[in-house]
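What follows is one structure encoded as structure tokens, with my remarks underneath.
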Amino acid sequence: MKKIVLTVGLLAGILKGVYAQTAVDKEAYEKRKLKIEEVNLVSSYYGQDGNNSAVTGGIGTEKLGDFANSIDLKLSFIDRKSRQHFINADFNIDHYTSASSDNIDPLTVSSASRSDTHVYPSLSWSMKDDASRTTRGLSYSYSTEYDYQSHGFNVSFSKLSKDNNREVSLKAGAFFDTWTAILPSELRPAGYGSAAEGDRDPVAYKPRNSYNLSLTLSQVINRRLQVLFTVEPAFQQGLLSTPYHRAYFTNGSHTVEKLPGSRLKLPIGARISYFMGDKVILRGFYRFYADDWGMTAHTVNLEATYKVTPFFSVSPFYRFSNQTAVRYFKPYGKHSPTATYYTSDYDISGFTSHFVGAGVRLAPPGGLFGVKQWNAVELRYGHYLRSTGMVGNSVTLAMKLK
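Letter by letter, the sequence shown follows residues -20 to -1, 1 to 382 of mature numbering (1 follows the signal peptide of the UniProt record, and there is no 0).
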């Protein structure tokens, strides 16, 4: 507590000023204090099935179920230089079951990865300075699962034009992963562990590092049209294959998947948003992708939002994707025994996919069910179909408290 010594003669003369200053200080403090901007709660379920499991060399079940939950807390405060700070704390947890992963140890009741929980929290900070029209940010993320741990770091910077119609953003990130090299049961050397609970035999641990850069330019063309362009080069190094994936050769023998120890990726994208009056918003996105493993891909995403009322909207969407296979991919039993690299993972094969669905959003002005802080709720459903035969379905429920 500050101690102020005043003479009796001065007290009467400055009393009014003291009270006025106290009021100003209190008001300034209230403007600066930390406050909750919003809380987002998301729950989703994704299920898939197919017959091209990489665990068994490109054949067998791909059945998987994943139940995910997340909570996102957004805080803000204003510092003494009138700069606005934002703090985001995000906690995510997924629980999944995978029939294909159970075939790592086909003769056991359950292998290490038959079912598991994936936990991945993150913490980010950003500072918006209206005077310089800049925003700076930092973030940290952590992820853990039965066979890996990851630490991620990101730094970002963006600057607005004087008329606030153009923004240039730059983001750089690095992820440092440690993978447990789990091998198929029949391909383990003597004394090599399974990584299953209770198995004390040792297993190897391998690093994987990823570095990415993102350059984005967004532009407001007019009050109806906005465009965005982005380039996101990325480089990976370390264990890029999955040791428990099998690869089968033309002579009937098999071994574990083997891929190069580095990969350079280059995605380039463009997004357009068009506001058709007060009720309809059209959004389109195109991305081209290429890497030094020989894969190229094209993705188109379309979404239309229609406001049935000012508080209720419907958003159908459709995504089309086509990609070529990496040069190291071949189906089950088609790899040459003399090949240097080999995989039968259909995620990096050539295929065409479709993802179609719709979302509904409700955001009444007085809050949902009379709860003012319950700002909005959204439900989305999507159906996924891949030309290889895989099918998937997802349901997502999102709630916003503000």
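Where a beta carbon is used, it is the ideal one built from N, C-alpha and C, also for glycine.
Please list, in chain order, all residues of the same chain as LEU208 whose beta carbon is under 6 Å from its beta carbon, the five residues on each side excluded. Here residue 208 corresponds to residue number 228 of the sequence shown, with the count starting at 1. These residues qualify, in order along the chain: SER198 and ARG251.
Cutting at 8 Å between CB atoms, please list the residues of its own chain near ALA161, excluding the five before and the five after it. Your numbering for residue 161 matches position 181 in the sequence shown. Result list for ALA161: VAL183, ALA184, TYR185, LYS186, LEU219 and PRO223, in chain order.
Beta-carbon proximity list for SER91, same chain, < 6 Å, skipping 5 on both sides: Mapped onto the sequence shown, residue 91 falls at position 111. Confidence in SER91 is poor, its pLDDT being 48 and thus under 50, which makes the residue's placement unreliable; the coordinate value appears in the next sentence. The answer, listed in chain order, is ASP82, ILE84 and ASP85.
Assigned secondary structure, ASN145 (DSSP; H/G/I helix, E/B strand, else coil): Translated into positions along the sequence shown, residue 145 becomes position 165. Here ASN145 sits in coil by DSSP.
Cβ of GLY171 versus every heavy atom of the ligand MN: is any distance shorter than 7 Å? This structure simply doesn't include the ligand MN, nor any ligand for that matter.
Distance check for LEU282 and HIS234, CA to CA, integer angstroms please. In the sequence shown, the residue the question calls residue 234 occupies position 254. In the sequence shown, the residue the question calls residue 282 occupies position 302. Each residue's Cα considered, the two are about 42 Å apart.
Measure the alpha-carbon distance for TYR172 versus GLY178 and round it to whole angstroms. Numbered from its first residue, the sequence shown carries residue 172 at position 192. Numbered from its first residue, the sequence shown carries residue 178 at position 198. Computed Cα separation, rounded: 14 Å.
GLN129 versus GLN217: straight-line alpha-carbon distance, rounded: Looking up residue 129 in the sequence shown gives position 149. Looking up residue 217 in the sequence shown gives position 237. Answer to the nearest angstrom: the Cα atoms are 16 Å apart.
Looking at MET370 and GLU42, is the spacing between their C-beta atoms short of 8 Å? Here residue 42 refers to the residue found at position 62 of the sequence shown. Here residue 370 refers to the residue found at position 390 of the sequence shown. Yes. Within cutoff.
For VAL340, report the span of its beta strand (DSSP E) as first-last. Taking the sequence shown and counting its residues from 1, the one referred to as residue 340 is at position 360. Segment 331 to 342, the beta strand (DSSP E) holding VAL340.
Taking just the CA atoms, how far does LEU377 sit from ASN68? As a first step, residue 68 is located in the sequence shown; it is residue number 88 there, counting from the start. As a first step, residue 377 is located in the sequence shown; it is residue number 397 there, counting from the start. Their Cα atoms are separated by approximately 20 Å.
CB-CB under 6 Å to LEU262, same chain, minus the five flanking residues each way: which ones, in chain order? The residue labelled residue 262 in the question sits at position 282 within the sequence shown. If we look at LEU262 and ignore the five residues flanking it on each side, its Cβ neighbours are TYR254 and ALA284.
Out of TYR364, ASP157 and VAL211, which one is the CA nearest neighbour of residue 447? Within the shown structure, residues of the chain are numbered from -20 to 382, placing residue 447 beyond reach of any answer.
Quickly, what does DSSP pair ASP70 with across the bridge? List them, please. Counting from one through the sequence shown, the residue named residue 70 turns up at place 90. DSSP lists ASP52 and SER102 as partners of ASP70.
Alpha carbon to alpha carbon, what distance is there between HIS65 and PRO101? Position 121 of the sequence shown, counted from the first residue, corresponds to residue 101. Position 85 of the sequence shown, counted from the first residue, corresponds to residue 65. Roughly 20 Å separates the two Cα atoms.
Helix, strand or coil at TYR326 [DSSP, three-state]: If you number the sequence shown from 1, residue 326 lands on position 346. Three-state result, TYR326: helix.
Since THR210 contacts SER194 with CB under 8 Å, what's their CB separation in whole angstroms? Indexing the sequence shown from 1 puts residue 210 at position 230. Indexing the sequence shown from 1 puts residue 194 at position 214. That belief holds up - the Cβ atoms of THR210 and SER194 are roughly 6 Å apart, short of 8 Å.
Cutting at 6 Å between CB atoms, please list the residues of its own chain near ASN134, excluding the five before and the five after it. Taking the sequence shown and counting its residues from 1, one reaches residue 134 at position 154. The answer, listed in chain order, is SER119 and GLY153.
Proximity winner among LEU140, ALA277 and LYS54, relative to LYS380 (alpha-carbon distances): The residue labelled residue 380 in the question sits at position 400 within the sequence shown. Per the Cα distances, LYS54.
So what's ILE84 in DSSP terms, helix, strand or just coil? Position 104 of the sequence shown, counted from the start, is the residue given in the question as residue 84. Of the three classes helix, strand and coil, the one that applies to ILE84 here is helix, per DSSP.
Enumerate in chain order the residues of its own chain whose CB-to-CB distance from LEU244 is below 7 Å, with the five nearest sequence positions on each side excluded. On the sequence shown, residue 244 is found 264 positions in, with the first residue counted as 1. Excluding positions up to five away in sequence, the list reads PHE215, ASP271 and ASP272.
Please give me, in chain order, every unbroken run of the beta strand (DSSP E) with length at least 3 that falls completely inside the stretch 109 to 140. 114 to 125 and 128 to 140
Do VAL236 and PRO344 count as a contact pair if the criterion is CB distance below 8 Å? Residue 344 sits at position 364 when you count from the first residue of the sequence shown. Residue 236 sits at position 256 when you count from the first residue of the sequence shown. No. Outside cutoff.
Does the beta-carbon of ILE201 have 16 or more other beta-carbons within 10 angstroms, so that it is buried, or is it exposed? As a first step, residue 201 must be located in the sequence shown, where it is residue number 221. Under this definition ILE201 is an exposed residue.
Is the distance from the Cβ of ASN355 to the Cβ of GLY346 below 8 Å? Here residue 355 refers to the residue found at position 375 when the sequence shown is read from its first residue. Here residue 346 refers to the residue found at position 366 when the sequence shown is read from its first residue. Cβ atoms of ASN355 and GLY346: not closer than 8 Å.
Through-space distance from THR115 to ASP29, alpha-carbon basis: Within the sequence shown, residue 29 is the residue found at index 49, counting from 1. Within the sequence shown, residue 115 is the residue found at index 135, counting from 1. Distance between the alpha carbons of ASP29 and THR115: 43 Å.
For VAL336 versus GLY313, is the C-beta spacing smaller than 8 Å? Position 356 of the sequence shown holds residue 336. Position 333 of the sequence shown holds residue 313. No. Outside cutoff.
For THR235, which beta-bridge partners are listed by DSSP? Taking the sequence shown and counting its residues from 1, the one referred to as residue 235 is at position 255. The partner list for THR235 (beta bridge, DSSP) reads ALA227.
Measure how close the beta-carbons of THR323 and SER242 come, nearest whole angstrom, since I'm counting them as under 8 Å. Here residue 323 corresponds to residue number 343 of the sequence shown, with the count starting at 1. Here residue 242 corresponds to residue number 262 of the sequence shown, with the count starting at 1. Rounded, the Cβ-Cβ distance is 15 Å, inconsistent with contact.
Start and end of the beta strand (DSSP E) containing GLY249? Mapped onto the sequence shown, residue 249 falls at position 269. Where GLY249 is concerned, the enclosing beta strand (DSSP E) stretches over 242 to 256.
Going by CA-CA distance only, name the one from ALA319, THR332 and HIS98 that's closest to ASN302. As a first step, residue 302 must be located in the sequence shown, where it is residue number 322. Measuring from the Cα of ASN302, the nearest candidate turns out to be THR332.
Look up LEU219 in the DSSP assignment and say whether it is helix, strand or coil. Residue 219 sits at position 239 when you count from the first residue of the sequence shown. In this structure, LEU219 counts as coil in the three-state DSSP scheme.
Identify whether LEU348 lies in helix, strand or coil by the three-state DSSP scheme. Within the sequence shown, residue 348 is the residue found at index 368, counting from 1. If DSSP states are grouped into helix, strand and coil, LEU348 belongs with the strands.
Where GLU358 sits in the DSSP three-state scheme: As a position in the sequence shown, residue 358 is number 378, starting the count at 1. Note: GLU358 maps to strand in three-state DSSP.
Please list, in chain order, all residues of the same chain as SER78 whose beta carbon is under 6 Å from its beta carbon, the five residues on each side excluded. Locating residue 78 in the sequence shown gives position 98, where the first residue counts as 1. Closer than 6 Å at Cβ, skipping near neighbours: LEU44.
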